[in-house]
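Per my numbering, numbering of the sequence shown is gapless, rising by one per residue and ending at 904.
Working notes for the structure below.
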Amino acid sequence: MLEFMRRRSDLQKIPVVMLSSETTDVQVDEALGLGADAFVFKPVTIDELEAAIRKAISLRS
Numbered sequence: 844m845l846e847f848m849r850r851r852s853d854l855q856k857i858p859v860v861m862l863s864s865e866t867t868d869v870q871v872d873e874a875l876g877l878g879a880d881a882f883v884f885k886p887v888t889i890d891e892l893e894a895a896i897r898k899a900i901s902l903r904s
């Protein structure tokens, strides 16, 4: 889905924060390589999630 979003000009500016319970570098590298703006590991606090969302928005604005 992320790869699809990044190829479409009408969807490219939508910020994407990936959340996962998997903590492998491979998964993080793949998500960021496909265009994710931030990656957060679960469990996540509301402050961590808010920071990731703010980062993603600032990168796409």
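Glycine included, C-beta positions come from ideal geometry on N, C-alpha and C.
Hey, could you find the ends of the beta strand (DSSP E) Ser863 is sitting in? As a position in the sequence shown, residue 863 is number 20, starting the count at 1. Taken as a continuous stretch (DSSP letters only), the beta strand (DSSP E) holding Ser863 covers 860 to 863.
Buried or exposed (CB count within 10 angstroms, at least 16 for buried), Asp880: Position 37 of the sequence shown holds residue 880. With 16 or more Cβ atoms within 10 Å of its Cβ, Asp880 is classed as buried.
Leu862 beta carbon less than 8 angstroms from that of Val883: Here residue 883 is taken as the residue at index 40 of the sequence shown, counted from 1. Here residue 862 is taken as the residue at index 19 of the sequence shown, counted from 1. Yes, Cβ-Cβ distance for Val883 and Leu862 is below 8 angstroms.
Identify, in the order they occur along the chain, each residue of the same chain with its Cβ nearer than 7 angstroms to the Cβ of Glu865, setting aside the five sequence neighbours on each side. For this step, residue 865 is matched to residue 22 along the sequence shown. Nothing listed; no residue qualifies.
Are there 16 or more other CB atoms within 10 angstroms of the CB of Val869, so buried, or fewer, so exposed? Counting from 1 along the sequence shown, the entry for residue 869 is found at position 26. Exposed.
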